[in-house]
Each structure stands twice: as structure tokens, then as C-alpha cells.
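Notes to accompany the following structure.
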Amino acid sequence: MLYVLPQEKLSSWLKGLSEKYRLFVPVSAEGFGPYEGELYLEARTRLSVKEFFLPWREPLLRFEARPGAVPEPVAGPEEKRVVFGVRPCDAKGVALIEKVFSEDEPFRRRREGTFLVGLMCREPGSQCFGWAMGLDPFAGEGLDLLFVEREGRYLVSLFTARARELLDENFAPADEEAARALENEREAFRQKYAAAPALEKLKEAPLLALYEAPFWEELALPCLNCGACTFLCPTCYCFDVQDEVVGGEGVRVRLPDACMFELYSRHASGHNPRRSPVARFRNRFLHKFKYFLDLYGEPLCVGCGRCIEECPAGVNLWDIIRTMSEV
Amino acid sequence: MSWEPKIIAFLCNWCSYAGADLAGVSRLRYPPSIRIVRVPCSSRVSPAMILDALKSGADGVLVSGCHPGDCHYLTGNLYARRRFYMLKKLLEFAGIEPERVQFAWISASEGDVFAKVVTEITERVKALGPNTKFRKVLRETGA
Amino acid sequence: MVAAPKKNMIPEPARIERVVVETDDGLLKSFYLRLLDEEAHRAFRHVPGQFAMLSVPGKGECPIGIASAPSEDLILFTVFRTGLVTDALHRLPEGTVIGLRGPLGNGYPLEDFRGKNVVLIAGGFAVTTLRATLVYLLEHRDDYGEITMIYGARNPGLLLYKPELKAWQERKDLKLYLTVDREAPGWDGLVGFVPQITEQVAPSGENAVALVCGPPIMIKFTLPVLEKCGFTPEQVYLSLENRMRCGIGLCHHCNVGPFLVCKDGPVITLAELKKLPPEY
Amino acid sequence: MGTLTEKIREAAAKVLTEGRAEVVVGYGPGPLPYRNRLVAVRSAEEVNRLVWPSFGVLNPANALHKLRGQKVALVATGCVSRAVVVLLQEGQVKREEVYLLGVPCPGMLDPAKVRALAAKVTRVEDDLSDRVLVTTSEGKKEIAREELLRANCLSCRHPSPPLYDELIEAPARPVSAEPYAQVEEIEGLSPSARWAWFEKEIVSRCLRCYACRQACPLCYCPTCFVDDSRPQWVGKTRDPVDTALYHLVRAYHLTGRCVDCGSCEAACPQGIPLRLLTKKLEKEALSAFGFEAGLDPEAPLLFTDFREDDPEDFMITHELKAAGKI
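Chains as they are written, first to last, in the numbering used here: chain A, 9 to 335; chain B, 390 to 532; chain C, 42 to 321; chain D, 755 to 1080.
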């Protein structure tokens, strides 16, 4: 279903939404925040919408910090949230994470309580390669609504029935011309971009040959083994669980973790199956472009380009994909 | 006001702890705000220990060792002096009230000095009020 | 969105009914647990080889193999004191309530072993889930062929489940070989490392499976022996361990390549393992 | 006389052919016009992978930890050389295992400043003159080099390497006249304003990715204090107090060691001004103890040394004595 919203009606619609839901929008190049009139729509943000589903802090239990205390589950947030200005790649990231987390209670609760309203990019970002990862930004994967800006108005695609409740009187059903315009745009995108052949090659590459390939040492040399790429990545989903105790009380929280950290795979005995920085580096990319790809048919990457743009050490994901696919 | 500050005191085993002991044995009066942790030497105290005390709810921290020349390990306190100087400058720079973290030399014979130092620190911390900036609170939401 | 059963990471309260110090060094203790909820306790069903997350509030959770057989009333965990959580566990007295989340993982495909000879090879405290297996096999004795167990520890004081070992030694329908690394006072049993003893026992690979649990070095030297005895990689079952957080296939800490120890394992055949990167 | 890139390649080739080092660590081009990527060159045929890195913002001395046991040659500007000096002082590197190709540093450009120039930056031409040519989606811009320099280069007190095995000629920047201007700005604030600054600019934005720690050539502890679990000094979430504790102790651990290479700040994906904490410590070490890190491999470190007359007026017993109270 396609609707049209005049561009000048955007803020009044957002204002109306913010009265009924907790509304989040991109507030700066850094990321999303509560809607207070400010909007940053120039480009995708540095932090993705992942944090709405795998938050920096997900409490699971609360307990008295004494032997024998029986913990009490923490009920998650109840209220409904709307996130506006989600880039199609980020929404696809959520959809990819959902493949793993579909049965996870906290994730599902957040997913069910959150509307994702997409906004099409005017043009691909400078390091964007979503198309190469098989992303069709018009397909609305992970989204409830998608806004495509065109000649002073938004063409709004409805992808879920539940999202109808978000529309107000300013949304008019689109006429045929608008529908055609959107279809043309989508067609033009398909003409111009196609999934990278690298993915097909990676599917066929034998796992152990990739693992044992000689190039990892060289590729990993500049990598700092920090968590910047994993925390910024809209698809990295690994988490840690920590018990936090203050005084006599505690909470068990789930928080993002990074496979780049030495602690990530270190056993209590001190043994670490991925002790070397190279091994951790390799694991991250094998997860994204082999393990996940083999299991789900898609890479664990939406091509947003954040890691390329933000990696302080200049690690280039594209180089890695290319090198891997040549095994 | 009924609030009594909590002050964690890291006292070196050889001088300051004995000084605190003497203050007690001599029945000197000082506020009950102090909680003592005995350490082998003032140089054993790391900034993580000091900040951990504040994080865990202390309103002030005192680290005390032997006077220069008296260190059981000869120079431990002299190394410590430099470290604490730098730590204090750093905490001040970050806007943590410098009065909350104090350093002292107290010998085994200075029970009176111990009592006065504790009294003084307690008053200063009382004037500042409870440590709210650097005290961890348990949160279920947020970043 | 998929409307699947919800999974969460909420442990169930379980009381420590009994604690047994298993070894002379005191580093291994057995905890016999009962879920507080009677219904849940009765409903607790597991397969030998599975594990559970044991949880001490304020310290965290850690994965421990289930050492009791499904038929046994109390759920048994024998825990080596090594990290934050296990250290806290070791300090808890009988009667304390802790958290239990499980059973998790796949367990041994015991149904598939029916009619076959089963060889259990254990080193050190990794014997726990093989204890569960052995108890099960003995309960279903007629369903299986010859049962052989080779179990070694560094010294006699480090053997677990000593009273049971004694009872098992007397059984005619079980070949039990206990061994220690070195001669020790009062020990008149076998002396030698597990791989050597396995070589002497020389179990036949014909119509048999071997379940091997032990430290990496023991496994490394035992596998070639089994190969010589005629066991193919498909007939050898191992149990993996890796650091894990969730135990339910989400957090990805325990991955060995695409294989998640918590969800796809911990039990894996040598044949499958050979296809994976050696990250365990 | 060639460009600095040519001189570096030439020197690297010589070092490798003469066997002075097995591997030369320097920078090559990166995936973006404002990033350089570390490269390890092992033969004279490969030296063309090396360039003068206008954006060599991560200290390559960090690679010494990865390449331990190999004889490594480093292209060493002032702060690279100084980091090696500290590693030598601390016994982390053997002098005979490192060969320093010293380069008096003309200063490096700040990727963040260049990136901020336009939506897309496609090319940066830096011939070390006083202008930099930046090609962007909005056209070509000629910008004063000084304006694009990194903050730590602007405040650099030692652009030239204090330790080297050979020196490559290059136009070094002058020693900064106002090395502590940024620090003084914060010092000038009230305590509560400083706390607000610390909370807002450093603590609240930190993601706990540890890029700052990982990028630091002097953070080499096998287990960092944040990774200790017994006791756990620092909680792992983004709790503000834990994060504050992390940043204070991280900075403090660099007291008298930090060479202000700015790697921490450059590595931070959030652009947090991390350097200010260590710069403050540098300033205090200089004013109170006349100490500067990384100048002399034979000298003691700030904290492995003391003087009888080190300042103690910060101590409460000193204050009370001065006031006649004790």
C-alpha cells in the first residue's frame, strides 16, 4: 500500500506521533534520540538503530546480593516506540539479527513494541555498498513504513498492517503516477546495482580453506582489536552478561560484547581458543561472510559502510570480502 | 542534619595504622566516620582502589603512610607521594572535589595527628555533602 | 515476525540438597540440586551429555555438565573451582538456593547406540557427563552390547564418585579400568595415562562407539589409539567446552566456526569436528 | 632531493637489503583519502607500499607488540620515537630489535577536520607546504595546513625524534609555543563545570569499545585492569561511574609515560577528547617534577623515581601543619 505525505506536513505528523508514542529520530550525525523538534536527515547516523533492540543495557534479573536470594525477572519496557528516519540498511540489520533472536524474549518484546519507519537515502553514502550485500532498499525488510522523498512529498510504503495506526489524515492514498514514480526509481536502482558475485563465491568456498588461508595475518596487521566496528555495526549481535552489584542489591544485565576482545573467548582456566589478535579478526569476518552466510543464505552485513568509515586503522571490509572470495 | 559521611582510610601497616591504634588506646575523640583498610604500605594503594571506594559509596578517602625517612620499605612512601600528587591533579581536573581524596603522613606515635586529620577530613566532607557524582547507583535502564 | 516459543535467560531457583567434596585437593565438589518448584523438578528431563547454567546472583552464570542420569531424583553437578562463579558456588553451604537454567545442548544420541558396544573414556574431572551416561547405560543394560569404561586421574585422590566406582568395579556386565598417572601408596590398580591404558585394553571398533571426555592433551593422544582400534571418526564422540554466556545460541561466544557449542553441541562426533576450525 | 615518501622508501629499501631489520613498519594509503593504513614491508621490492602518511594518526610503535621477536624498523616521528623510548625504559622492547628511521615531523592532518569539510572528500593532496588541496563533492578547496593539523601536533613539544638510528630529512614543525592551551581552557572552568565537561564530553559518549586502549602503544598489560574479574574494578556496562573510572585510571596509568601521540583520540569512534586527560598529566609532570616522557632511554620513569623534596603541599597533614593545627 502506498501513501503520499506532503513534505511540509512531516513535522506536524511527527509531533502528533510523539504525543502517542515514544518517538525517536536521528538527532545528529552521531545517532538517534528522543524527538524534540530536532531532525538530522542528511545522512545515516554513526550509531545504528541496533541499540533499540539490543540495548547497551538490558536488565534480565534483579536480586538481593546475598547467598540464596532468589532473583526476580525484570519486566522490560512496556510502552510503544516509534523510530523515524531509519535507513533501509539499518532496518535490514534488525531483520538479520531477528533471524537469530526471533525466540529471544527481550528482543521480541522490543521488536513487537517498536515501529521502524524508514527513510530512503537520497544517494548512497560515500562508503555504502548495501546493494553488493544483496540489499534492496525498497523492499522494506525490517520496516513498518518507508518514506521516499520525491519532489516535495514523501511516497510512503506500508509494509505491515500494524503500521496503519501511525498514519494520520495527512497521508493520502497515492495515485497511479506516484506509484509508477516509485516503481521507476526501484527499477533504476536494480539496473544500476547488483549483488556482488563475491557472495556466491564465498558460499562455495570450503570453510577450512578460508580459515587456513594465508592472507589473514596481513589483513589483520593494522587492526587494533578494539570494539569500534562491532559496536557501530548494525548487525553485530554478540552480547555479554554481567552481574552488577551495588551495596546489597544487584541486577543481571545483558550488554553488547565484541568478538575482537581477548576476554570474549577466554575460558575461566585461562585457555583461549582465539588467543591471537589474528584469530579474533578472522573469526569476525568468517562469522559475517561464511558462517552466517552458510546458515541463512545472506551475509551478516548490510553494507552500511560504517566500519570502513569509522575504523581508525583503515581496515577495509571490501578488501577483506574480495580477498576472501578469491580463495 | 543526621547524615554522617563514610570515609575509607587506607592506612599503612607500620605507621599510620599504629597511629590510629594509638588514638584509640589514648581515648582521643574523633568522628566515627572512618572505616579503616590496613595496607602494607601507602604505595600499595592504587588509584583504582581509591576510586573504587568512592564508586562503592564512600564520601571521602584518606590514604596515609609513614613520614619520609620512616618507611618500613625505605622509600615506598616517597614513590607514593608522587603518584598521589598526580592523581589528585587528575581528579581535580575532572571536576571531582579534591577534598574528598586526602593524603597524609601519620607516624605510629601521632595518635593525636590521626584524630585531627580524621576530624578535619570529616568536616570538609560534611561541608561538601554526600558523594553523588562518583557513587554508582544500580540502574535497570539507560545506556 | 515468527511466533515461536519465547526463550529467556531466567534461571529457576534450585536448592543445594547435598554437597560432597569429591577430591583430596578439595577443588571438586558435587552439588545435588532440587528445583524449588516441585512440578518443574518432576518435569526436568535431560539427556546425558547435556549441561545447565548454574547461577549465583551477583557473580554470574557458568555452564556445567549434568552428572546425574535422567532417572535420578536430584540433579547432580560436579564443579571444579576455577573462576568467579565456581569459586562462589564452592563457598555455598547445603540448603542454599542457586539458579539453574537448563537442560541445554544436545547430549549423547544414546538411542542411536542401542545394540552397540559402548566405550567410555574419561580423564580427570571431565568424567561427569560420562557418569550420567554410564548410569543410564547400566539402567538399560540389555539394550547395549559390551560396556567398557576407562577412567584416569592424576592420582587416586582425584578420582570422582569413589563409592560408585567401587560398586561398578564389582559388576560383571561392565569392564571398568581405573588408572592413575603414577604409582601411589595404597593404589593397587592400573598405572599409566589414559591413552596407554586404552591401547592395552584395545577396545574393538566393530559395532562400537567411543565417548571421550578429558583434557585436550589426553584427547590428542587417545584419538590415534582409537583409530588403531578401528574406530572411524563417525564412531567417536567428544564433548566440547567454550566460554559461553547465554547457553541458547544467541551470544555467539562459544562458536567453533559455525558450530555453537551451547546449541549444536556440546556433543560432537570427531567426523564433524574435523570439518571445523580448531578453535576450542 | 625527492619527496618525503621517496626518501622513506629509499631508506626502507636500504635497511632491508642491508639486513638492519627484517620488517619495516610504516604507512600506506588507506581505504579513504583521509586515512592511512599500517603496512609491514619485508623486502626492498615492496617498499613502494610505504608513503609519508599525512594521516598516520595511530602510533606505529603499537605494532612492536604484535611483531615481538622480530627485528622491526619503524618510520619514527617524534612521538613514535618517544613511545619506543618508553618501551625501552620499561623493558618491553630490546634496543637491538628496533631500528628507527627518524623523521622530523611536519605534523599530521586530522581526519576528523578533513572529513568535516564536505559531505564527501575524494582526495587530499598534502605536499607538506603550507597549503593542503582537498577535493570534495563541493569542489576543490585549498586550506592552510595549519588549520587541518591534529590537536596534538599543534601542541607538540618534540616534533623531532629524540632517538633514532638514522635521520631522514624533513621539514619539522616548530616546537609548540602553547602546548597546554587546551588544558588551560578546562582548568579555567569551575569544578562543577569541569565535571559537567568530563561527564558530557568523555563519559556519556564513551561506548566502551576500548579503541583508545588498543591504539595506545604504551597499553600493553596482558590483562588490563578493566578486564580483571576478581576484583572487578570496573563494571563493563556504559554506567557513568564505571566509565568515568575507566577513563581516569586509563589516563592515570599513562602518567609520565604518555608521549601525546594522540592515537587514543584518533582511534575513538566517538571523537572523544581523550588526550586532554593525559595532556593535563603531562603538564603537571613537567611543572612539578621537570619531567617529560620518552626522551632518554637510560633515564628513570616518573614513577620509578622520586626526590626528597618532591611537592607535598597537597597533603592534608602539610596543610594542617602550615595552619598550626598539628
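Yeah, the Cβ is synthetic: ideal placement off N, Cα and C, and Gly gets one too.
Values in this document were obtained by computation on a predicted structure and should not be read as measured data.
For residue i, return the contacting residues in chain C, with the cut-off set at a CB-CB distance below 8 angstroms.
i: C246 (chain A); result: C292, H293 and H294
Residue i versus chain A: which residues are under 8 angstroms apart at the beta carbon?
i: N802 (chain D); result: Those do not exist, as N802 (chain D) stays about 16 angstroms from chain A at its closest Cβ, beyond 8 angstroms.
i: G449 (chain B); result: Chain A residues near G449 (chain B): none, gap ~18 angstroms exceeds 8 angstroms.
i: V526 (chain B); result: V254
Could you give the residue range of the alpha helix (DSSP H) that holds residue i?
i: M190 (chain C); result: Careful: M190 (chain C) lies outside any alpha helix (DSSP H), inside the beta strand (DSSP E) at I188 to A194.
i: N802 (chain D); result: First-last for N802 (chain D): undefined, no H or E at that position.
i: V102 (chain A); result: P96 to F109
i: S946 (chain D); result: P945 to W951
i: F1043 (chain D); result: R1029 to F1043
i: W494 (chain B); result: Here W494 (chain B) belongs to no alpha helix (DSSP H); instead the beta strand (DSSP E) covers V490 to W494.
i: E333 (chain A); result: Note that residue 333 (chain A) is Ser in the sequence shown here, rather than Glu. L325 to S333 is the extent of the alpha helix (DSSP H) around S333 (chain A).
Flag this pair as yes or no: are the beta carbons of residue i and residue j separated by less than 8 angstroms?
i: T238 (chain A); j: I105 (chain A); result: no
i: E320 (chain C); j: G298 (chain C); result: yes
i: A73 (chain A); j: V261 (chain A); result: no
i: V88 (chain C); j: S71 (chain C); result: no
i: E80 (chain A); j: P114 (chain A); result: no
i: V160 (chain C); j: A194 (chain C); result: no
i: V450 (chain B); j: V506 (chain B); result: no
i: L902 (chain D); j: V886 (chain D); result: yes
i: E180 (chain C); j: S112 (chain C); result: yes
i: N283 (chain C); j: V302 (chain C); result: yes
Apart from the five residues just before and just after residue i, which ones in its own chain have a Cβ nearer than 7 angstroms to its Cβ?
i: M42 (chain C); result: Because the pLDDT of M42 (chain C) is 35, which lies under 50, any placement of that residue in the model is unreliable, and the number read from its coordinates should be weighed accordingly. No residues qualify anywhere along the chain.
i: F1045 (chain D); result: G1010, A1039 and L1056
i: S496 (chain B); result: C404, G408, C455, H456 and D459
i: V232 (chain C); result: T220, V221, R223 and E224
i: V868 (chain D); result: Y788, V875, V878, V888 and L902
i: A44 (chain C); result: For A44 (chain C), the pLDDT reaches just 39, beneath the cut-off of 50, and the residue's location in the model is therefore unreliable, leaving the point undetermined.
i: W64 (chain A); result: L263 and P264
i: R427 (chain B); result: L400, N402 and Y406
i: G322 (chain A); result: P230
Under 8 angstroms Cβ to Cβ from residue i, same chain only, skipping five residues before and after it: list those, please.
i: L166 (chain A); result: M9, L10, Y11, D152, L153, R172 and L175
i: W326 (chain A); result: F137 and I316
i: E87 (chain A); result: Y29, R30 and G121
i: P46 (chain C); result: Low local confidence applies: a pLDDT of 41 at P46 (chain C) is under 50, so the model's placement there is unreliable, with the coordinate-based value given in what follows. There are no such residues.
Tell me where the beta strand (DSSP E) around residue i begins and ends.
i: A870 (chain D); result: Where A870 (chain D) is concerned, there is no enclosing beta strand (DSSP E), given that its DSSP letter is neither H nor E.
i: R30 (chain A); result: R30 to P34
i: E896 (chain D); result: G893 to A898
i: G76 (chain A); result: Careful: G76 (chain A) lies outside any beta strand (DSSP E) and carries neither H nor E.
i: N520 (chain B); result: Run containing N520 (chain B): none; DSSP gives neither H nor E here.
i: T889 (chain D); result: R885 to T890
i: K216 (chain C); result: K216 to V221
Under 7 angstroms between beta-carbons, which chain D residues line up against residue i? List them in chain order, please.
i: R89 (chain A); result: The premise fails here: R89 (chain A) is roughly 20 angstroms from chain D at the closest Cβ pair, so nothing lies under 7 angstroms.
i: S134 (chain A); result: K874
i: E486 (chain B); result: P945
If we cut at 8 angstroms on Cβ distances, does residue i have a partner in chain G?
i: R471 (chain B); result: In the structure shown, chain G does not exist; the protein chains are A, B, C and D.
Taking residue i as the query, report the chain A residues whose CB atoms sit under 9 angstroms from its CB, ordered along the chain.
i: G83 (chain C); result: A small fix is needed here, since residue 83 (chain C) is Arg in this sequence, not Gly. Correct list: empty, because the minimum Cβ distance to chain A is about 19 angstroms.
i: R992 (chain D); result: W64, R65 and L263
i: Y321 (chain C); result: P281
Beta-carbon within less than 6 angstroms of residue i's beta-carbon, same chain only, minus the 5 sequence neighbours each way: which residues are those?
i: G126 (chain A); result: V94, P96, A99, L151 and L154
i: P54 (chain C); result: L77 and V138
i: P14 (chain A); result: R161
i: A794 (chain D); result: V777 and V779
i: K17 (chain A); result: N178
Please list the partners that residue i has in chain B, where partner means a Cβ-to-Cβ separation under 7 angstroms.
i: P67 (chain A); result: E529
Mind pulling the chain B residues with CB within less than 8 angstroms of residue i?
i: V82 (chain A); result: E529
Which ranges does the beta strand (DSSP E) cover as unbroken runs of at least 3 residues, wholly within the segment 45-127 of chain C, from first to last along the chain? 53-62, 69-76, 92-97, 101-106 and 116-121
Jot down the residue ranges of each uninterrupted beta strand (DSSP E) in the segment 253-312 of chain A, minimum 3 residues, whole runs only, in chain order. 257-264
Return the chain-ordered ranges of every beta strand (DSSP E) run that is complete within the segment 422-484 of chain B and spans a minimum of 3 residues. 423-428 and 449-454
3-residue-minimum beta strand (DSSP E) runs that sit fully inside the segment 208-256 of chain A, ordered along the chain: Assignment of beta strand (DSSP E) within the segment 208-256 of chain A, counting only whole runs of 3 or more residues, yields 247-254 in chain order.
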